[in-house]
Each structure stands twice: as C-alpha cells, then as structure tokens.
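*Asks:* Structure in structure tokens, see below.
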Amino acid sequence: MKQIDGGVTAAKGFKAASTAAGIKYKDRKDMAMIYSEVPCKAAGTFTTNIVKAAPVKWDKVIVENSPCAQAVVVNAGIANACTGEEGLRYCMETAEAAADSLSIPVSSVLVASTGVIGKQLPMDRIVAGVKAMVPALDGSQESGTAAAIAIMTTDTVKKEVAVQFEAGGKTITMGGMCKGSGMIHPDMCTMLSFVTTDAAISKELLQEALREDIKDTYNMISVDGDTSTNDTVLLLANGMAGNEEIQTKNEDYEAFCMALNFINEVLAKKMAGDGEGCTALFEVKIVGAETKEQAVTLSKSVITSSLTKAAIFGHDANWGRILCAMGYSGAVFDPEKVDLYFESAAGKLKIIENGVALSYSEEEATRILSEPEVTATADIKLGEATATAWGCDLTFDYVKINADYRS
C-alpha cells in the first residue's frame with residue numbers, strides 16, 4: 006500500500022464538482038457532488054444521536070435498501086436537522102434534481118448536509134446548485150480538492166487522502182474526504198466523510214469492513230463531547246479496477262481493510278487536529294490493558310477531559326488530570342502501577358512511574374507539549390491490549406467560535 010495525492014476522485018470512474026449556491030456563506034463554494042460513472046455498492050454508518058438529521062434518515066434507507074448508489078450531493082451551512090417532514094421532503098427534492106440531471110434513479114442518490122440545526126434548506130438555491138454542478142463534474146484531482154473545500158464549515162483546512170494497493174492482481178485505488186471541526190464526539194461525530202474506491206467487493210463485506218473500522222478510527226476522536234445529529238460516513242465501491250469481486254475474507258479483503266483503515270484514521274486525525282480553535286492534536290495511547298474495551302474506555306476518558314485539554318493548551322505537564330480522568334472512566338485498573346509518558350517531535354519524557362511523579366524537567370516537558378502534535382502514553386501493566394484516541398486542546402477560541410456560530 007502506498008499513499009498518493011488526491012481524494013475522492015483518485016479512484017477510477019469517480020468525478021466531483023462544487024459550486025457557490027449561497028446557502029449561508031458568501032463568496033465561497035458551499036455545495037459539492039461526487040459521482041461515479043457506473044453504479045456503486047454502498048455502505049454507510051451514521052450518528053448514534055437519537056435526534057437524526059433528515060439526510061441521515063434518507064441515506065440509511067438508500068444504503069440498506071437500494072441496490073446501488075451513484076451520486077452524493079452535499080451542502081454546507083445548513084444541517085437540515087430538526088426540520089420535520091419538510092426536511093425529509095427536501096432530501097427527496099435534492100435527490101430528484103440530481104437524478105434528473107444525471108439520468109440515474111432517485112434511489113441511487115445520497116445526500117448530506119452540515120451546518121446550523123433547525124433551519125430549512127433554501128431549495129431554490131439547492132436545486133440550482135445541483136444543476137450547476139452536473140456539467141462541471143470532472144475526475145481531476147483539482148475537482149476533488151475543490152469539493153473537499155466546499156463542504157467545510159468551521160474547518161480551517163481541507164481534509165482528503167488517497168492510497169493504492171494490490172488485490173486480485175489489480176491496482177486498487179481508494180480516496181476520501183471529510184469535514185469536521187466541532188460537535189465531535191466518539192460514536193460518530195459531527196462529521197461527514199466520503200470514501201470512494203474502484204475495488205469490486207460484495208455489499209455485505211463492504212458494510213462489514215466499514216462498520217468494524219470506524220470503531221478504531223472515527224469513534225476514537227473527540228473535540229468537545231457533543232455527538233452530532235448529522236454524522237455520516239459513506240463508502241462507495243464501483244468495481245472499475247477490474248479485480249475479481251471480493252466475496253470472502255481472504256488476503257484481498259485484508260488488503261482492502263488495511264487501506265480503509267489508513268484512509269479513515271488519517272481523516273479522523275485530521276478532524277481531531279482541526280478542532281474548533283485548537284492549536285494541537287492530542288493523542289492518547291493506553292497500553293498494557295487487560296482488554297481492548299478497557300483501553301478504549303480509558304483513552305476516551307482522557308481525550309474528553311476538559312481539564313486535561315486545557316492543560317495541553319497551556320503546555321502544562323499536569324499529569325494528575327490524566328490520571329484523574331482515567332480514574333473516573335469506569336474502567337478498573339491499579340493507579341499505583343501506571344507509567345505515563347509525554348511525547349512529540351521535540352522528544353519523549355517519562356513523567357510518572359508506578360503512579361508517582363519522577364524528577365523530570367518542567368522546561369523539557371513544556372517544550373515537548375508545545376508541538377502541534379502531542380502524545381500521552383499510559384502503561385497500566387495489566388495485559389497486552391491497546392487503544393488510541395485522538396482529541397485536541399481546549400482554547401479560548403473554541404468558546405468564541407461557538408458563542409456566535411449562528412450569526
């Protein structure tokens with residue numbers, strides 16, 4: 006497997022387009038479209054929030070019941086959440102506009118929205134945006150990148166990645182793009198993620214691969230502890246690489262899953278590292294756990310601790326906050342056996358051993374914690390299980406951004 010340049014248009018047969026529909030933002034693109042030249046197998050995972058946005062409801066039906074998917078229409082600025090029957094009707098109208106313009110079935114059109122909750126979509130602008138994007142569809146890297154930019158809300162950077170790998174004697178390409186910066190919390194986050202591949206794979210294995218992989222990727226990130234209404238991950242496979250369809254969990258399936266994990270982990274970390282107002286990606290590794298579940302619980306507890314996040318912002322090696330967050334996680338461990346390390350591009354430093362502080366340099370600790378990517382590793386010495394979670398620091402700007410998000 007090797008990483009290549011690009012995103013959703015990297016795989017054979019996929020095109021993208023974007024446009025400025027004027028939904029909320031001025032002087033910027035705010036709609037995107039992904040299209041496959043041929044029908045795709047589709048898989049999806051969605052928010053666990055009981056309050057689900059209309060596009061989530063629409064896409065769940067398409068993924069579970071439609072034989073194929075061929076296009077995705079995305080808008081930024083308005084989430085189409087808490088919009089009742091009208092919101093669902095607008096999903097239908099969006100899909101109908103795309104289906105009519107592309108000459109494909111309505112049941113093969115997926116939709117996604119991100120932005121302010123509670124507002125209705127301006128359907129005249131949405132429909133006009135769809136019609137403007139269809140003739141602009143293009144398979145270039147530039148079109149894919151423009152689409153990744155168009156779906157941003159409070160994101161500060163575009164988020165895309167692509168890889169190639171071998172399966173069935175053929176070169177398979179997989180690419181993805183996502184958006185997410187705030188209202189991000191494990192068990193899906195306020196994020197939209199779209200992954201495309203030219204692999205031929207059964208729908209059942211496609212869904213299983215995605216469902217299993219999000220447990221270690223998207224479900225292991227948190228920015229602010231809020232689980233969104235709109236979380237959606239869509240995975241489209243059009244089979245144009247020409248490999249024999251993957252129908253069993255063989256070596257080709259393993260290669261597919263490795264590529265998917267790489268794509269999803271990179272995108273997940275990009276979202277955590279671009280948390281609203283943040284200055285650093287904060288990675289937490291739990292090693293030496295008795296079970297995977299124990300490690301997951303402990304790592305998530307640390308990355309969601311507001312006090313720990315504030316300490317990372319202040320470049321303060323306040324390790325007691327980490328141990329405290331582990332202690333109230335609900336996972337059972339012996340705090341008097343814990344070793345804790347801080348690590349970054351500036352070096353690695355052991356902070357505590359067997360639950361007790363070592364004699365370390367505060368200056369060195371601050372230097373390590375001042376990097377844009379910081380890792381805390383806790384060894385609880387109970388077994389061989391591990392888990393990694395990703396978050397970010399908590400800054401003044403997070404409050405500023407969310408205090409006037411609607412205005």
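For the sequence shown, the working numbering assigns the number 6 to the initial residue and increments by one for each residue that follows. Quick reminder that beta carbons are idealized off the backbone N, C-alpha and C, glycines included.
1. For the stretch 178-258, list the alpha helix (DSSP H) runs that are entirely contained and at least 4 residues long, ordered along the chain.
2. Just to confirm the assignment: which complete alpha helix (DSSP H) runs, minimum length 4, are found wholly within the stretch 293-381?
3. Would you identify the three-state DSSP class for Thr-14, choosing helix, strand or coil?
4. Restricting to Cα atoms, I'd like to know which of Gly-123, Cys-87, Ile-67, Ala-315 is closest to Met-97.
5. Below 9 Å between beta carbons: does that hold for Lys-184 and Met-157?
6. Grouping DSSP H, G and I as helix and E and B as strand, with all else coil, what is Ser-41?
7. For Ala-153, which residues in the same chain have their Cβ closer than 7 Å to its Cβ, ignoring the five residues on either side in sequence?
8. Tell me the residue span of the alpha helix (DSSP H) that contains Thr-99.
9. In whole angstroms, give me the CA-to-CA distance for Cys-194 and Ala-273.
10. According to DSSP, is Cys-262 helix, strand or coil?
11. Can you check whether the CB of Asn-248 is closer than 9 Å to the CB of Cys-45?
12. Determine the contact status of Glu-41 and Ala-155, defining contact as a CB-CB distance below 9 Å.
13. Could you give the first and the last residue of the continuous beta strand (DSSP E) run that contains Gln-8?
14. So Val-200 packs on Leu-240, CB below 8 Å; how close in whole Å?
15. Can you tell me whether Thr-52 sits near the ligand SAH, meaning its C-beta is under 8 Å from at least one heavy atom of the ligand?
16. In whole angstroms, give me the CA-to-CA distance for Ala-394 and Met-276.
17. Does the Cβ-Cβ distance between Gly-120 and Ile-28 come in under 9 Å?
18. Pair every Cβ in the stretch 340-355 with every Cβ in the stretch 250-265, then say whether three or more of these pairs are closer than 8 Å.
19. Helix, strand or coil for Leu-115? Go by DSSP, reduced to three states.
20. Since Gly-82 is in the beta strand (DSSP E), which residue starts that stretch and which ends it?
21. How about Ala-37 and Val-78: do their beta carbons lie closer than 9 Å?
*Replies:* According to the structure shown:
1. Counting only runs of at least 4 residues, the stretch 178-258 fully encloses the following alpha helix (DSSP H) elements, listed from N- to C-terminal order: 208-218.
2. As far as the stretch 293-381 is concerned, its whole alpha helix (DSSP H) runs of at least 4 residues are 297-308, 311-318, 324-332, 367-374.
3. Stepping through the sequence shown from its first residue, residue 14 is reached at position 9. Annotated three-state conformation of Thr-14 is coil, per DSSP.
4. As a working note, residue 97 is residue 92 in the sequence shown. Ile-67 is the residue among Gly-123, Cys-87, Ile-67, Ala-315 whose C-alpha sits nearest the C-alpha of Met-97.
5. Your numbering for residue 184 matches position 179 in the sequence shown. Your numbering for residue 157 matches position 152 in the sequence shown. One thing to note: Lys-184 has its Cβ within 9 Å of the Cβ of Met-157.
6. Translated into positions along the sequence shown, residue 41 becomes position 36. Of the three classes helix, strand and coil, the one that applies to Ser-41 here is strand, per DSSP.
7. For the purposes of this step, residue 153 is identified with residue 148 of the sequence shown, where counting begins at 1. In the same chain as Ala-153, and ignoring 5 residues on each side of it, the C-beta atoms closer than 7 Å to its own belong to Gly-12, Lys-163, Lys-164, Glu-165, Met-182, in chain order.
8. Along the sequence shown, read from residue 1 onward, the residue named residue 99 stands at position 94. Its alpha helix (DSSP H) spans residues 89-107.
9. Numbered from 1 along the sequence shown, position 189 holds the residue referred to as residue 194. Numbered from 1 along the sequence shown, position 268 holds the residue referred to as residue 273. For Cys-194, the predicted model reports a pLDDT of 45, less than 50, meaning its position is unreliable and no value from the coordinates is stated.
10. Taking the first residue of the sequence shown as position 1, residue 262 is located at position 257. Of the three classes helix, strand and coil, the one that applies to Cys-262 here is helix, per DSSP.
11. Taking the sequence shown and counting its residues from 1, one reaches residue 45 at position 40. Taking the sequence shown and counting its residues from 1, one reaches residue 248 at position 243. Contact check for Cys-45 against Asn-248 fails: the beta carbons are separated by 9 Å or more.
12. Taking the first residue of the sequence shown as position 1, residue 41 is located at position 36. Taking the first residue of the sequence shown as position 1, residue 155 is located at position 150. The sequence shown places Ser at residue 41, rather than the Glu named in the question. No; because the gap between Cβ atoms is not below 9 Å, this pair is not in contact.
13. Position 3 of the sequence shown, counted from the start, is the residue given in the question as residue 8. 7-9 is the span of the beta strand (DSSP E), which, as asked, contains Gln-8.
14. In the sequence shown, residue 200 corresponds to position 195, counting from 1. In the sequence shown, residue 240 corresponds to position 235, counting from 1. Between Val-200 and Leu-240, the beta carbon gap of about 5 Å places them in contact (Cβ cut-off 8 Å).
15. With respect to the ligand SAH, the structure shown offers nothing to examine, as it has no ligands at all.
16. Residue mapping note: residue 394 aligns to position 389 of the sequence shown, counting from 1. Residue mapping note: residue 276 aligns to position 271 of the sequence shown, counting from 1. Spanning the two alpha carbons is a distance of roughly 12 Å.
17. If you number the sequence shown from 1, residue 120 lands on position 115. If you number the sequence shown from 1, residue 28 lands on position 23. Yes.
18. At 8 Å Cβ cutoff, the stretches do not touch.
19. The residue labelled residue 115 in the question sits at position 110 within the sequence shown. If DSSP states are grouped into helix, strand and coil, Leu-115 belongs with the strands.
20. Residue numbering aside, residue 82 sits at position 77 when the sequence shown is read from its first letter. Note, Gly-82: beta strand (DSSP E), 74-83.
21. By one-based count along the sequence shown, residue 37 stands at place 32. By one-based count along the sequence shown, residue 78 stands at place 73. In contact: Ala-37 and Val-78 (Cβ atoms closer than 9 Å).
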